Each structure stands twice: as structure tokens, then as C-alpha cells.
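Heads up: the structure comes next, in C-alpha cells.
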Amino acid sequence: MFSQEERCIYGRNQLMEVICQLRFPDILKIEAQEPFAFQDAVRGAYPQYAKKVEQLPPVQRDGKMIPQGTVNNYQFISEDGQWKVSLAKGFIALSTHRYARWEDFARRLDVVLADFIHIYQPAYFSRVGLRYINFIRRAMLGLEECSWRELIAPEFLGLMASEDVQSGAFSKFEQTATLSVPGGAKANIKSAPAVLRRTENATKKTTEERVFLLDLDFYMEGNTPLGHAAAALNVLSGNATSVFRSAITDTLHDAMQPGAV
169 MFSQEERCIY GRNQLMEVIC QLRFPDILKI EAQEPFAFQD AVRGAYPQYA KKVEQLPPVQ
229 RDGKMIPQGT VNNYQFISED GQWKVSLAKG FIALSTHRYA RWEDFARRLD VVLADFIHIY
289 QPAYFSRVGL RYINFIRRAM LGLEECSWRE LIAPEFLGLM ASEDVQSGAF SKFEQTATLS
349 VPGGAKANIK SAPAVLRRTE NATKKTTEER VFLLDLDFYM EGNTPLGHAA AALNVLSGNA
409 TSVFRSAITD TLHDAMQPGA V
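According to the working numbering, the stretch in the sequence shown is residues 169 to 429, in order.
Written out as C-alpha cells, the structure reads:
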């Protein structure tokens, strides 16, 4: 599952979203008041502001599901809407729909984390996570005539890799796995055929496209000192590169226009 090929940058990557989330012991100050100091620090790059009140999942105690109330999720969004910083009492995250390369993403993350640490001084990070959500779109890549068996490695296709069954015979299929990966990290990997729905703003017409989902979520648990977060994220990024390359065939790799780093 772990490709040893050298890293490359895809000119036509299939990323729908990339998310980096760092969790820390709850800081009640974030929940108690609007994060005006943090907004002042990031407003130049993320001028749009939104606040979401989200329901926490219930927990089970003594055989009963106990409600956990709500949490404030403060969001700071870039002018073009493609980048978002999310801040809550227990985590900070950076996400984008316009990912090009790890170094560019890491540079933005460095600035956000420096501001966050300066203002809130968390004790440590209890979980460091990096997630790559890929929607493989055959039409976009000129691969409409290819089957998924020609584009996705059999380990990630599961039952769909069988030559005795047509992929169209599956009304629903999803393969999930949690495993340890090099560098002391873990990964939640989901692969499945999916339907991508888009609605045109002008006509309100909805179109559907059959795609293949590769959801690669890498993380490290345990107490990570603030100064070690960058090294942890580099490990996660390297694992993501390795696993993604092992998940696709040379046909798909070539269609995505690989280039030099």
C-alpha cells in the first residue's frame, strides 16, 4: 500500500478538499467570547467571518445516550472563498478547495498557527490530522471509456476489482480501513464509487457525475509539543503522497499530468 516512487505535483489533481485539523485541550476563553484578537491577526488573508453553532454528538453513559450541547465554530474565510480557518474551543483547522502543493499549504498554516499560539497559548496538541479528499473524475481527465479497474488499484476497489462483476452492478459499495502507517501515524482510508452533484447558479439545473472517492485521513494522537507539530505534519503529508500513488494506476497517474516538484 505504500508506494516508493518519488513525489510529484499533479497539474490536474483530483482533490475536492484538503483539511488540516489540530486539536488541543479545551480553551474556555474561545467559547466564552468572540475571538476578536484572532480575527484581527488573520483578517488580511481571511476577511470574511461566519459563526456556526454546532451540535456535539451524544455520549453513552450507563447505557443511555447523553446530549452534549453545542459548540461555537468561528470561521474566517478568504475573499475568494477557497480557504477557511475554523476555530473552536478544542481545535483549529485550515481547509482549502484550491490545493496545489504541500509547501504552499504549509506556509499558510504556519502563519495561522503562529497567530493562534501567540493569542491562546495552548498547552500542546492532542491530535494532529491531515485529510485529503479526492473525487476521481474520468470525464475531466479524458478517461470516460476507462473502467475503474483500469484507474484504481485492486486493493482500493475491493469487490469491485473482480472481473466477474460489472462495476455498474453495485448499487452501493464502500470500503473503509484504519491502519498504522510509517512514522508513528495512523490512517482512516475510505474508497467508494460516488455521485458528484453540481447546481448551476444561473439555471439552478443540477447535474450528476459518477466519480470515485479516495478519502485519506492521516493523524497522530498523543500529546504533541507545539514545536513538533510541523515535523508531525510533514510525516502525515509524506504518507498521504505514498498511499495515494499506490491507490492509482499508471493510466490515471499519467492523465493527471505529473510534473517535477
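Just so you know, even glycine gets a beta-carbon here, dropped at the ideal spot from N, CA and C. Given the structure is predicted, the values throughout are model-derived calculations rather than measurements.
Query raised in the report: So does the region 219–237 actually touch the region 290–301, counting three or more Cβ pairs closer than 8 angstroms?
Result: The region 290–301 and the region 219–237 do not touch, with fewer than three beta-carbon pairs separated by less than 8 angstroms.
Report task. Give the secondary structure of Q228 by DSSP, where H, G and I count as helix, E and B as strand, and everything else as coil. Result -> Reduced to three states, the DSSP call for Q228 is strand.
Requested in this report: Determine the DSSP secondary structure at F259, reduced to helix, strand or coil.
Outcome: Here F259 sits in strand by DSSP.
Requested in this report: Pick helix, strand or coil for R317, following the three-state DSSP scheme.
Outcome: In this structure, R317 counts as helix in the three-state DSSP scheme.
Query raised in the report: Under 9 angstroms between the Cβ atoms of W251 and S405?
Result: No. Outside cutoff.
Query - Range covered by the alpha helix (DSSP H) that runs through P322 - result: P322 -> alpha helix (DSSP H) spans 322–325.
Report task. Whole angstroms is fine: what's the gap from F284's alpha carbon to L401's? Result -> Taking the straight line joining both Cα atoms gives about 17 angstroms.
Report task. Rounded to whole angstroms, what's the CA-CA distance from W316 to F380? Just pull it up for me. Result -> Looking at the two C-alpha atoms, the distance is approximately 8 angstroms.
Query - For R366, the three-state DSSP class (helix, strand or coil) - result: R366 falls in the strand class under three-state DSSP.
Report task. Leaving aside the five residues before and after F341 along the sequence, list all residues of the same chain whose C-beta is less than 8 angstroms from its C-beta, in chain order. Result -> Closer than 8 angstroms at the Cβ level, and outside the excluded window around F341, lie G326, L327, M328, A360, P361.
Query raised in the report: Y242: which of G212, F206, V227 sits nearest, CA to CA?
Result: Nearest C-alpha to Y242: F206.
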